[in-house]
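Residues in the sequence shown are numbered consecutively from 4, following the working numbering. All residues carry an ideal CB built from backbone N, CA and C; glycine is no exception.
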Amino acid sequence: MRVTLDPGRIVGESVDVSDATGVVAKLWSRRIAWRCRDHVLDLQILAAEELPLPEAEPTEPVAGAVARIVKALAGSGALALLRDPAVALGPERIAFAEGLRLFAIASEADEACWDTMLSLGQPVYGVRGTLACEVMRPRPASVLSALAYGLFTCEEGLSLRLHEDRAGVAYEVDRDDAVGTVIIRNGFEATRLTGRRGEYRDLGTEAYVRLVVRAGTAVCWTQPRFIAPQR
4 MRVTLDPGRI
14 VGESVDVSDA
24 TGVVAKLWSR
34 RIAWRCRDHV
44 LDLQILAAEE
54 LPLPEAEPTE
64 PVAGAVARIV
74 KALAGSGALA
84 LLRDPAVALG
94 PERIAFAEGL
104 RLFAIASEAD
114 EACWDTMLSL
124 GQPVYGVRGT
134 LACEVMRPRP
144 ASVLSALAYG
154 LFTCEEGLSL
164 RLHEDRAGVA
174 YEVDRDDAVG
184 TVIIRNGFEA
194 TRLTGRRGEY
204 RDLGTEAYVR
214 LVVRAGTAVC
224 WTQPRFIAPQ
234 R
C-alpha cells in the first residue's frame, strides 16, 4: 500500500503517516538543535516509539555529536535526519556525517553535500516535500525500514511510477510537459528525458543514479541507485 508522510510537519511529538483514507500510523519524532563547538547541529529523530537520547556536549564538534547520536540509535530501528547538512558540515566535511541515513535537501548547497556523500559510496537518502513509499502494512517499523533503505520518493505536487532493475531505471508521470534529469557521480547531469515516460540504462561508470522530474512548478525526486562498475 502507498503511504505518505512529511517529516517537517510534527504534531506534538509525532509525524503522521497517511494513505488515501487518512492517518494510518504515527512516527515518534524529536527535534535536536545542539550548539556544538564549531556549528549548530540540527537533527530530527524518527522512531517507532519514544527513545532516550544523549545530552548535548557544547565542547564537542559536530562530527563528535553525530557519532554519539548514531551510536545511541544503533539497533533501535530509529533514524536521524540531518536538517542542515550544508550549515552543519558543508561538502568539504560532510564525510563526518557517516552513519546518518537521511539528509534534508532545502538548497543547492544541501544537494551538493548529498551528492558528495553519494560519490563516497555512502547510502544517504534525500528528504524534501512529501515522502511516498510502498509498504506491506502501515506500521511504523515498515515505514522506517523503507526510509532507511531509500525505498521512497519525494513529492512536491508530482508523483511518478518508478520501475528499477539491475540494468537501469524507468518512470511514468501523468504530465506531458515533464522533464526528467538524470544525476550521477558528483552531481553531474548525465542526460535529460522529456514527456510522460523516461528511461535510463546504466553504463556502469555512474557510481549512482538519481532522478529529478519536473513538470511546471511540480517536482518529484527519486533516491539513488548505486551502480556496480561493469567489467
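The DSSP assignment places 82–85, 105–107, 128–130, 133–137 as complete runs of the beta strand (DSSP E) inside the region 81–150, in order along the chain (cut-off: 3 residues). If you draw a straight line from the Cα of P61 to the Cα of A68, it comes to about 9 Å.
Burial is judged here by how many other beta carbons sit within 10 angstroms of a residue's own beta carbon; M139 has fewer than 16 and is exposed.
Per DSSP, R164 lies in no alpha helix (DSSP H) segment; the continuous beta strand (DSSP E) that holds it begins and ends at 164–168. I35 is a Cβ neighbour of L46, given a cutoff of 7 Å. Ranked by Cα distance from G171, the options V130, I230, T197, S162 are led by I230. Distance between E95 and L121, taken at the CA atoms: about 13 Å. Sorting A115, V20, L196 by C-alpha distance to the C-alpha of S32 places V20 at the top. For the set D113, E202, A70, G132, the Cα lying nearest the Cα of G11 is the one of G132. Between T225 and T156, the C-beta spacing is below 7 Å. Cβ-Cβ distances below 8 Å link E209 to I187, R188, A193, I230 in the same chain, with the five nearest sequence neighbours on each side left out; the list follows chain order. By alpha-carbon distance to D113, the top candidate from V18, D41, Y128 is Y128.
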